[in-house]
Amino acid sequence: MAHGETTPVTKSAPSTSTGGAAQKSEESQNNWEQWSGTVFTNAKAGMAGVDKDKIKAVVYEMSKESPHFKNEERKQVQTVERIRKMQDRAKALSTSEIAGHTKAMDAKLAKLKAGMDLTRTWMHVDMDAFFAAVEELDEPSLKGKPMAVGGIGMICTANYAARKYGIRSAMPGFIGRRLCPELVFVKPNFQKYTRAAAATRAIFAQYDPDFEAGSLDEAYLDVTDYCRSHETTGEAVAAEIRRQVREGTGLTCSCGIGPNRLLAKVATDMRKPDGQYAIPGEHSAISRFVDPLPIRKVPGIGKVSEQVLSALGVEVCADLVAKRGLLAALFSPISADFFMEVGLGVGRTQHSAPVEDGAVGRKGISVERTFAALSSPADLESKCSELAEKLAEDVESEGLKGRTVTLKLKTTNFEVRTRAATLVRHISGYDDIFREALKLLRPELPITIRLMGIRLSGFLETNTEPGQRTLSAFLKPDAAPAAVTPPKRRNWNQTFMPREVRECIDQEMEKYQASHPSKEAEPLDNFQAAPPTPSQEQDEQLQLAEAANCNTVPKPVSDAAQRPSQCRVAHSQADARQSNGGASQHLELSLRDWAPPTASQVLAASQQQLDQEPVRADSRADLQSAESEHPGEVSRDVGTCQSDVDSCRDILDTAAPDEVAGPDLAHAWDEAPSGLGDAHDIPAPDGPGSGAPASASAPKHWTCQVCTYSSNHPRILRCDICDSVRGTRWDYYLGQGAEASSGSQHAVPARDSPTSREICRSQGGASAARGQRSILGFFSEAERKGAAASGVEQQSGGLAGASQLGPVERRSEDRGMESAVPAQPASCRDAADSSVEWERGVDGSWRCSQCGASVINEGRAEHEDYHLALLLQKAESGGMLAGKIRQAHDDKAAHKGASRDKKRKNDLAGHSRSSSSQALTSFLKKANIQQQS
DNA sequence: TAATTCAAT
DNA sequence: TCCCATTGAATTA
Ligand SMILES: Nc1ccn([C@H]2C[C@H](O)[C@@H](COP(=O)(O)OP(=O)(O)OP(=O)(O)O)O2)c(=O)n1
Ligand SMILES: [Mg+2]
Ligand SMILES: [Mg+2]
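Residue numbering for the first sequence follows our numbering, starting at 44 and increasing by one per position.
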């Protein structure tokens, strides 16, 4: 979180409205007045009467000498250059060319307008100064005082008292302190925010059980049906929701109402603190709102796009339509289309599609850390290892396998480099990730960095879930029948079964039948010799079992105290040789401490690598680069014994010459448990990253951060209510919800082709029924009412490179937290049948036929009790499952997709236009002030 | 596919 | 004593 444009840069301000002179790179007078950046003076809520000039002066004075600032200047120069080129292109356009594009856009516009569905009532809800508001709730003495959530390095958000001083999200803390010396800093506690968010979501679900969360603090609700069935209006619903949120959580929020999501979202900011604003579903009203709207207010148009468009004479949304020919000529079709949509006020009118079974709910997963400058190979490798370990933890906790590894480096000059490799095989474990990251790091070696990150993407989509058989299991004749049982159908008619659950189960059945089409028909003789496969299937089981949680809050990746028993691997060459010949392949690639192995060692190691190590898909390219750019580096995929030797030698020769005799850091890992076997044990709730004492107190509860359900089952793998994986989304509590031992997040993703969305269904009431109480006392009311679906839908995108811009909605969560968990199939998890059957898993654990959870033998009785309790509770509350897993339609898809918005004739009006135009006026006033400065 | 840029939280 | 972390989309070569 806390990121924003800290526009530095001085010279050249591309701002004139006519396509004319956009840049004037005169010699800077070193004067902040020429500073064109938006510099924290964006028209965010609460920035009304701020002395923007003063803020700019302060920020400028404090940062002008910093490397960060220099880098920002460099970037600004680039965008200025980009603008210049674009203007040149614009000038070169013939009138006929533009006319042609204009005509094409006319057709586009006509089509868009004709396809607009104005019959829906969308609502966007966004909490006010969310993190800060939650902190104030927790510590009322903070109220009224300028306060910021975050640290001296970065502020997540600030309360409105602080905003008066110009303090806002994404501002570095030290600047905030300068602007307001009395500023109080509060360390972020995502647990609180997640809980607060869950409380609000429980309310949202009452108005739209399928609502989509846009982040922790905002959500999109389609209240069309609610309005209809309750004979009310969007505005009335907004007032009701705001009241409920206020009374139920003590927090305030703002609402935007409009015929589509885009308009609703933009409307939310109109009367930001504790207010609401409605845009009627009529063309005339939409135009009145959109036409004078500064383009910067549109989600997807950021600082750079604003500058670029401004240089073309586009300042407000109406300009997007007016200059349609020019825009179509200069930008990509995707961007141009987006502009046209915005110009007309067209947005999505439908919920995202449910996420599909077996699909991975995200595009990538990553970890990155900023630290004091590092340059020695030993330090770099160590850092890389820490990151790899953390990433592997996250990856495995979600059962992901990816084949593209990306290394990210940020030099002390703030220049960012990324290096990626796509492998043939999909990986997930620490060893593979570390090794591949190291390979990417090696060529960059003489380097001094302040940040390193690793990302894994290109996930395997054939996500085999507990309730599903793996191919290998299926092919194994004897193991097949015992290992997998089709979802049970019994009792369906006798017990309570929500419709959604029933549908999920039906899907599971279909899936099962689809994947086992002719099992009975197929003669056993046809089975290919099923490999004794201890491999894949088992690995997958283990990975799931290994679900460990992690701490997302700013915290060192490696903190021995926080990282219990799974520190496997000796991180030194010496240790490796002692322990296990070629078991730790990455060691051979170590950036330090290398000594020529014996011939037999090399042979064994290289042979093993040939067998096991994933190789890059583009092995030739790899070779090439090895020969040309990095003559010293030899591709490993075709590596001979000698090449391995050379490879290692080159590392030393070129990258870490002084480290040859350098300090032996091996001891740094000596204290880590060396028992590799432990690494694959199913961790107890006090497992890795949870922050809970590794061995000390006995675990009491796992609390799902998605729906707040708590379980005292020691080895639960998924939330029994909302089905989210017990990974980073779970928190561990020692007591009655009092001392949370780890901060983490939740969020369930969903993915789909162009865009992604995440969602997770959930059900409230569980933790209340179990006598749990939240830290903040939330859920008191909300939880009673049941419900609480959640999910997160993020949006972003933007125009990169030269043209582009494509809003597109994307999903994500507020900063650090998230790391979404793939929304799981849900199979028969909520079946309200208390009878549990057990299936023995390949790893010796037992799988519950009801929920699919893997449990150790001793935990079975307890687990059965749990299902009984769940059944009883469900009967009481008249249980419900809110929300379905959805997946996103990005704007493009929604656009081209034949499945355009379905039209409904009934128009639910109910809006006061007088008030809306009034609010618009003040809104624009603010915006203008900001623009003028 | 790789690398970079932009955007949002 | 000094500018985050995580994710996704789009462009370009
Ligand atoms: N760059 C950012 C922006 C936001 N956030 C976090 C802190 C915010 O409290 C929360 C919600 O973001 P909003 O943009 O909704 O901002 P606020 O809710 O804080 O303020 P507002 O009243 O303007 O909505 O996300 C963050 O960490 N970093
Ligand atoms: Mg907010
Ligand atoms: Mg928000």
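All C-beta atoms, glycine included, are put in the ideal place defined by N, C-alpha and C.
By the C-beta density criterion, H273 is exposed, having fewer than 16 other C-beta atoms within 10 angstroms.
Going by C-alpha positions, S418 is about 10 angstroms away from E424. Between ligand 3 and the CB of S258, the shortest heavy atom gap is smaller than 7 angstroms. Annotation note: the region 240-281 contains the following uninterrupted alpha helix (DSSP H) runs of length 4 or greater, listed N- to C-terminal: 267-273. Distances from the alpha-carbon of K340 to those of C360, A279, T454 and L355 put C360 closest.
Around the beta carbon of D437, 16 or more other beta carbons lie within 10 angstroms, which makes this residue buried. In this structure, the C-beta of D96 stays at least 7 angstroms away from each heavy atom of ligand 2.
According to the DSSP assignment, K451 belongs to the beta strand (DSSP E) that extends over G445 to T454. Relative to the non-hydrogen atoms of ligand 2, the Cβ of D171 comes within a distance shorter than 7 angstroms of at least one. Residue side-chain check: K230 keeps its Cβ at 7 angstroms or more from all non-hydrogen atoms of ligand 1.
Counting along the chain, the unbroken alpha helix (DSSP H) around E178 starts and ends at F173 to D181. In this structure the region 217-226 lies against the region 191-209, because at least three pairs of beta carbons, one per stretch, are closer than 8 angstroms. Take D380, set aside five residues on each side of it, and no residue of its chain has a beta-carbon closer than 6 angstroms to its own.
Residue state for L466 is assigned as strand, using DSSP reduced to three classes. Excluding residues up to 5 positions away in sequence, P189, A205, Y208 and I210 lie with their Cβ nearer than 7 angstroms to the Cβ of C223 in the same chain. Using a Cβ distance threshold of 8 angstroms, E504 and G401 count as a contacting pair. The Cβ-Cβ distance between I284 and L306 does not fall below 8 angstroms. V333 counts as buried, since at least 16 other C-beta atoms from the protein chains shown sit within 10 angstroms of its C-beta.
Excluding sequence positions up to five before and after A147, its CB lies within less than 8 angstroms of the CB of A371, all in the same chain and listed in chain order.
For V123, the closest of A310, Q350 and A135 by C-alpha to C-alpha distance is Q350.
Here the C-alpha atom of A282 lies approximately 13 angstroms from the C-alpha atom of V266. Judged by their CB atoms, L336 and V309 are nearer to each other than the 8 angstroms cut-off. The Cβ atoms of M159 and G277 lie no closer than 8 angstroms to each other. According to DSSP, V410 shares a beta bridge with I497. If you check the C-beta of E479 against ligand 3, you find no heavy atom less than 7 angstroms away. DSSP lists no beta-bridge partner residue for V389.
Proximity of the region 373-387 to the region 288-300 falls short of the contact definition, fewer than three beta-carbon pairs being nearer than 8 angstroms. Rounded to the nearest whole angstrom, the CA to CA distance from S139 to L352 is 22 angstroms.
The secondary-structure analysis by DSSP pairs D169 across a beta bridge with E261 and S297.
If you check the CB distance, A464 and C427 do not come in under 8 angstroms.
Bounds of any alpha helix (DSSP H) do not take in F228; it lies within the beta strand (DSSP E) bounded by V227 to V229. Looking only at K128, K451 and K444, the smallest Cα-Cα distance to K482 is reached by K451. The C-alpha of K230 is placed about 30 angstroms away from the C-alpha of Q319.
DSSP places V359 in no beta strand (DSSP E); its state is neither H nor E. Judged by the Cβ position, E255 fails to qualify as a neighbour of ligand 2 at the 7 angstroms threshold, every heavy atom of the ligand being at least this far.
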